[in-house]
Structure formats: structure tokens, C-alpha cells
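**Q**
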Amino acid sequence: MKVYNTLTKKKEEFVPIEENKVKMYVCGPTVYGLIHIGNARPYVIFDTIRRYMEYKGYEVTYVQNFTDVDDKIIKRANEEGVSTDVITERYIKEAIKDAEGLNVEPATYNPRATKEMPHIIEMIKTLVDRGYAYEKNGSVYYDTKAFPGYGKLSGKNLDDLIAGASNRVDVDTDKKSPADFVLWKPKKEGEPYWESPWSEGRPGWHIECSVMAKEYLGDTIDIHAGGEDLIFPHHENEIAQSEAANGKPFANYWLHNGFINVDNEKMSKSKGNFFTLRDIVAEVPYDVVRFFILNGHYRSPINFSRELMDAAGNGLMRIKNCVKGLNFHIENSEGEALTAAEEALVRDSAKFKADFEKAMDDDFNTADAIASIFEFVKFANTNVKETSTKAFGEAMLKGICELCDILGIKTADEAAEADTAEIEALIAERTAAKKARDFAKADEIRNRLSDMGVVIEDTRQGVRWSFK
């Protein structure tokens with residue numbers, strides 16, 4: 005299995021620290037509002053990578069944090085006249101709902117920054133004691149010049165960063181260098197705070213993730229992941245903090261997903277093209293959003309538009325209709341043993357699983373993996389006939405569903421399940437009308453079903469139906 009490592013800028017064979025085990029940390033959302041479509045991408049991508057690693061036999065400890073102390077959270081709380089805890093509890097619950105909707109497996113741990121304050125203070129103390137940080141007027145700063153490897157993830161040059169930061173009008177004069185960053189800052193009026201050796205205050209953002217990764221996974225982890233916007237400064241600063249405090253490499257592999265653009269433009273509130281995930285799932289189901297995200301390679305930017313989302317929905321429906329048809333065949337067929345010809349077809353179908361694994365082993369190429377599922381669907385639609393055995397239908401169904409499950413693609417049409425009783429009743433009514441030779445009524449019911457998006461097919465096994 006090869007993965008693209010942002011740290012080395014190349015694909016590398018994945019070798020875990022401990023055999024058959026993976027320690028994986030993914031940066032989670034700052035919980036001051038509903039997650040947006042850009043947040044949904046790392047949720048789906050890194051959940052899929054985890055699922056594939058579990059399929060390959062790894063035991064994955066998956067940690068995804070919630071940032072629950074931040075300027076935006078404080079601003080929201082002040083606007084609503086409530087405590088920051090009210091805001092964070094509300095939006096953590098909403099983020100979990102969205103993750104469940106996207107069929108994201110629950111993390112092994114979901115740490116919160118506010119629950120790790122003693123460990124945060126302890127790591128800052130360690131950095132000060134080792135000469136990597138300094139205190140000034142109640143604030144503690146990380147001394148970037150003290151860490152020789154600063155810039156190794158992002159490829160940025162420290163001298164250039166210092167020169168660029170020096171030109172800013174808001175340079176903090178308490179810093180030794182403009183490129184230094186805050187580890188602890190004193191409280192302001194109306195802000196939550198914690199006691200520390202330096203001041204009553206709160207931590208900087210970067211130190212929180214360094215601490216949570218250490219506490220739940222150890223000094224060195226296998227994979228650290230997040231959006232590409234986190235490479236600098238967040239992940240760069242995490243490396244500097246963790247390696248200075250722990251004296252060991254922080255993460256062996258760094259994985260970053262690309263951006264989601266909206267109608268070929270970067271998403272922003274100022275452009276009026278900012279969408280929360282809830283905005284989108286008001287019009288299309290969560291499973292279509294997941295399928296849409298997986299149709300692009302995780303490191304490449306992808307473009308969000310209603311047309312592309314509709315195309316993803318149509319593609320997902322092809323898979324669901326195949327699965328529905330196979331279930332219909334299994335329920336209405338006999339033959340527990342494969343024929344010789346069917347055994348040969350099952351052997352032929354093994355190539356789809358092999359192609360799927362080849363794609364996923366090459367830096368988790370979900371787009372090509374989905375292409376192999378579509379080929380499998382085409383193969384099943386072509387070869388499962390009314391005369392095929394039940395066993396052959398079961399073999400095809402098992403193969404397709406296994407690959408979909410690895411990607412977290414739901415093959416049951418949940419939206420349709422709610423309407424199944426009405427559809428089945430109409431089909432039964434149409435069958436009765438045909439027996440009574442009331443063909444006008446039968447045609448009327450067919451048209452009604454068509455208006456509901458239902459296609460019906462009369463077979464020797466009975467009426468088979470699917471969605472358009």
C-alpha cells in the first residue's frame with residue numbers, strides 16, 4: 005500500500021510503527037457553527053482510508069478532535085449571551101449528526117481541547133524548560149528559531165517567513181521574532197480562562213492538537229491527516245511543538261485532502277457561495293454527498309455544483325438499482341449450487357475486486373475504485389438472467405456490497421424504503437387490474453408509478469421495479 009506523504013512530497017510504502025496497528029489523528033472542526041461542505045470532505049476521505057485499512061487487517065486507533073475553545077466560539081457565545089459550553093455542546097452534537105448522516109464510523113476517541121488543559125499546560129512547561137518557548141507579559145510563545153526543522157512540512161523558509169511577518173502592521177512586539185507563535189495567552193474580558201504558571205488564560209490553537217495526539221496515540225504516530233489548508237501554519241507548528249517536547253518524530257505520514265470549490269470558485273461567505281452540509285442535504289441525501297466526494301481523488305480539488313451532485317446521485321442509483329435487482333432475483337429464484345458456467349463467471353468477477361484493491365493501494369484512489377464497482381455492476385446486470393441460479397445472484401450481490409461497504413457506500417435506497425409499501429401496493433393493484441383485463445387502469449397505475457420515479461418490468465418471476 006502506497007501513500008503520498010506531504011512531509012517527503014512523494015508516494016511511500018506504508019509501514020506502520022507497530023505491526024498490524026495504525027495510530028491515526030485527524031484534525032476535527034472548530035465547533036461554533038454547522039459544518040460546511042468543505043468540512044465534510046475530510047470526514048468522508050479519512051473515514052474511507054480508515055475503513056480500507058481495517059479491511060486490509062489493520063487495527064486502527066482513530067482520533068478526531070473537537071476544537072472547543074477559540075475566538076469564533078467566544079464571539080458566537082457573546083452574540084447569543086450564553087456560555088461557550090452552550091455553543092460547543094450544541095455544535096458537537098450537530099457535527100456528530102452530520103457525521104452519522106455521511107456514514108462515518110465513530111472515532112475511537114473524540115478529545116476536546118478544554119478537557120486536556122492540565123496536559124496542555126504541562127507540554128508548554130516542557131517547551132519552556134527545554135528552551136523552545138519563552139514567557140512575556142503572561143503570554144508564552146514558541147521560539148521558531150530554536151527548532152532547526154521548522155518549515156520541513158510546508159517547505160517554507162523561516163527567514164522568508166520572518167521577513168514577511170515583519171511587514172505586518174499588527175506584529176506582536178512581545179515576540180522575539182515575528183514568526184513565533186503563541187502557546188498561551190492571557191484572558192480578555194468575558195473570555196473563558198484557566199489557571200497557569202504564566203497567567204489566567206487559554207491555549208493557542210496549535211498546542212491543543214499536539215497534546216491530544218500525544219495523550220491518545222503516543223509520542224510518535226503513524227498518520228496525521230487534515231485539509232491542505234492546515235499544512236501551514238497548523239501542522240507545521242504541531243511538528244515543531246511535538247518534536248521539541250517529546251524528542252521524537254511526531255508523525256511518519258502526513259495526508260492532506262484538497263479543497264472543494266463551488267462552481268469553480270473558492271468557497272467563501274463574501275462571495276455568497278458558502279454552503280453548510282445541512283443546506284445541501286436539504287436537497288440531496290447524505291449518501292449522495294459521500295458518493296460525490298469519493299468520485300474525486302482526495303488530494304485533488306473537486307468542484308461542487310448542483311449538476312455534478314445530480315450526476316453523482318444518478319451514479320449511486322445505478323449501483324442501488326443493481327443491488328435491488330439482485331435481491332429481487334434472489335427472492336424469486338431457486339438453485340443453491342452454481343452451474344459450471346456460473347462458476348466461471350464468478351471467477352471472472354474476481355478481477356473487479358483486484359482492480360478495486362489496486363486503486364486503493366495506490367494512495368487511496370477512490371475514483372478508480374468506484375469505476376471498478378461500476379464495471380462489477382455492469383457485469384452483474386449483463387450476466388444475471390431470469391434463468392440464473394439463486395446462488396449466482398447471491399455471489400454477485402456479495403461481491404458488489406463488499407466493495408461498497410469498504411467505501412462506506414450504502415447500497416440500500418433508504419429514501420425509497422419509506423415509499424416501498426405504497427409502491428408495492430400500487431404494483432399489486434396493477435397486477436390485479438391486468439388479470440381483470442382492465443388495461444386502462446393498469447396503464448394509469450404504470451404512469452402514476454413513473455411520475456414517482458419508478459420503472460417497472462414484467463418478468464417471469466413477477467414484477468421487478470427500480471428507481472429511474
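Numbering (my numbering), first residue to last: 5 to 472.
For every residue, glycine included, the Cβ atom is placed at its ideal position computed from N, Cα and C.
With respect to the beta strand (DSSP E) encompassing Thr12, which residues constitute its N-terminal and C-terminal limits?
**A** Numbered from its first residue, the sequence shown carries residue 12 at position 8. No beta strand (DSSP E) contains Thr12, which DSSP labels as neither H nor E.
**Q** Thinking Val144 and Trp198 are a contact (beta carbons under 8 Å), I'd like their distance in whole angstroms, please.
**A** Residue numbering aside, residue 144 sits at position 140 when the sequence shown is read from its first letter. Residue numbering aside, residue 198 sits at position 194 when the sequence shown is read from its first letter. About 13 Å; that fails the 8 Å criterion.
**Q** Within 10 angstroms of the Cβ of Val90, are there 16 or more other Cβ atoms? Answer buried if so, exposed if not.
**A** Here residue 90 refers to the residue found at position 86 when the sequence shown is read from its first residue. Exposed: under 16 other Cβ atoms inside 10 Å.
**Q** Using only CA atoms, which one of Phe443, Ile449, Lys414 lies nearest to Ala429?
**A** The residue labelled residue 429 in the question sits at position 425 within the sequence shown. Comparing Cα positions, the closest option is Ile449.
**Q** So what's Gly262 in DSSP terms, helix, strand or just coil?
**A** Start at 1 with the first residue of the sequence shown, and residue 262 comes out as number 258. The answer is coil: DSSP assigns Gly262 none of H, G, I, E or B.
**Q** In whole angstroms, what is the alpha-carbon distance linking Asp462 and Phe396?
**A** Position 458 of the sequence shown, counted from the start, is the residue given in the question as residue 462. Position 392 of the sequence shown, counted from the start, is the residue given in the question as residue 396. Cα-Cα distance, rounded: 21 Å.
**Q** Give every residue of the same chain whose Cβ lies closer than 7 Å to the Cβ of Ser87, excluding the five residues on either side of it in the sequence, and list them in chain order.
**A** For the purposes of this step, residue 87 is identified with residue 83 of the sequence shown, where counting begins at 1. These residues qualify, in order along the chain: Ala81.
**Q** For Trp198, which of helix, strand or coil comes out of DSSP?
**A** Your numbering for residue 198 matches position 194 in the sequence shown. Reduced to three states, the DSSP call for Trp198 is strand.
**Q** According to DSSP, is Tyr8 part of a helix, a strand, or is it coil?
**A** Position 4 of the sequence shown, counting from 1, holds the residue named residue 8. Strand.
**Q** List the whole-angstrom C-beta distance separating Ala99 from Ile39, where the pair is believed to meet the contact cut-off of C-beta under 8 Å.
**A** Here residue 99 refers to the residue found at position 95 when the sequence shown is read from its first residue. Here residue 39 refers to the residue found at position 35 when the sequence shown is read from its first residue. Yes, they are in contact, since the Cβ atoms of Ala99 and Ile39 sit about 5 Å apart, within 8 Å.
**Q** Return the chain-ordered list of same chain residues with a C-beta closer than 6 Å to the C-beta of Tyr59, the five sequence neighbours on each side being excluded.
**A** As a working mapping, residue 59 is identified with position 55 in the sequence shown. Excluding residues within five positions, the ones whose Cβ falls inside 6 Å are Ile410.
**Q** Taking a contact to mean a Cβ-Cβ separation below 8 Å, would you say Thr148 touches Leu131 in this structure?
**A** Translated into positions along the sequence shown, residue 148 becomes position 144. Translated into positions along the sequence shown, residue 131 becomes position 127. The answer is no: Cβ separation not under 8 Å.
**Q** Distance check for Tyr66 and Met3, CA to CA, integer angstroms please.
**A** Residue numbering for the chain in the displayed model covers 5 to 472; residue 3 lies beyond these limits and cannot be assessed.
**Q** Excluding the 5 residues flanking Ala422 on each side, which residues of the same chain have their C-beta closer than 7 Å to its C-beta?
**A** Within the sequence shown, the letter at position 418 stands for residue 422. Low confidence applies here, because Ala422 scores a pLDDT of 48, under 50, leaving its location unreliable and the question unanswered by this model.
**Q** Excluding the 5 residues flanking Glu120 on each side, which residues of the same chain have their C-beta closer than 8 Å to its C-beta?
**A** Along the sequence shown, one-based indexing puts residue 120 at 116. The residues are Glu212, Val215, Met216, Glu219.
**Q** Grouping DSSP H, G and I as helix and E and B as strand, with all else coil, what is Ser470?
**A** Counting from one through the sequence shown, the residue named residue 470 turns up at place 466. It is a strand residue.
**Q** Mind checking Val459: buried by the 16 CB within 10 Å criterion, or exposed?
**A** On the sequence shown, position 455 is the one that residue 459 refers to. It counts as exposed.
**Q** Cα-Cα, which of Leu407, Leu349, Gly339, Asp365 is closest to Ala394?
**A** In the sequence shown, counting from the first residue as 1, residue 394 sits at position 390. Reading off the sequence, residue 394 comes out as Lys, not Ala. The shortest Cα separation from Lys394 among Leu407, Leu349, Gly339, Asp365 belongs to Gly339.
**Q** State the Cα-Cα distance for the pair Ile413 and Glu204, rounded to the nearest angstrom.
**A** Residue mapping note: residue 413 aligns to position 409 of the sequence shown, counting from 1. Residue mapping note: residue 204 aligns to position 200 of the sequence shown, counting from 1. So the two alpha carbons sit approximately 48 Å from each other.
**Q** Taking DSSP as the reference, what is the three-state secondary structure of Ala255?
**A** Here residue 255 refers to the residue found at position 251 when the sequence shown is read from its first residue. In this structure, Ala255 counts as strand in the three-state DSSP scheme.
**Q** For the beta strand (DSSP E) that contains Asp226, what are its first and last residues?
**A** Counting from 1 along the sequence shown, the entry for residue 226 is found at position 222. First-last of the beta strand (DSSP E) with Asp226: 225–231.
**Q** Could you have a look at Ala422 and say whether DSSP puts it in helix, strand or coil?
**A** For the purposes of this step, residue 422 is taken as residue 418 along the sequence shown, with counting starting at 1. In this prediction, Ala422 scores a pLDDT of 48, lower than 50, which makes its location untrustworthy; no coordinate-derived value is stated.
**Q** Compute the beta-carbon to beta-carbon distance between Val381 and Arg322, rounded to the nearest angstrom, for a pair I have assumed lies under 8 Å.
**A** What you label residue 381 is simply residue 377 of the sequence shown in a count that begins at 1. What you label residue 322 is simply residue 318 of the sequence shown in a count that begins at 1. Yes, they are in contact, since the Cβ atoms of Val381 and Arg322 sit about 6 Å apart, within 8 Å.
**Q** Can you tell me whether Asp137 is helix, strand or coil according to DSSP?
**A** Within the sequence shown, the letter at position 133 stands for residue 137. Just to set this straight, residue 137 is Ala in the shown sequence, not Asp. Three-state DSSP puts Ala137 in a strand.
**Q** What is the residue span of the beta strand (DSSP E) that Met28 lies within?
**A** Start at 1 with the first residue of the sequence shown, and residue 28 comes out as number 24. Segment 25–30, the beta strand (DSSP E) holding Met28.
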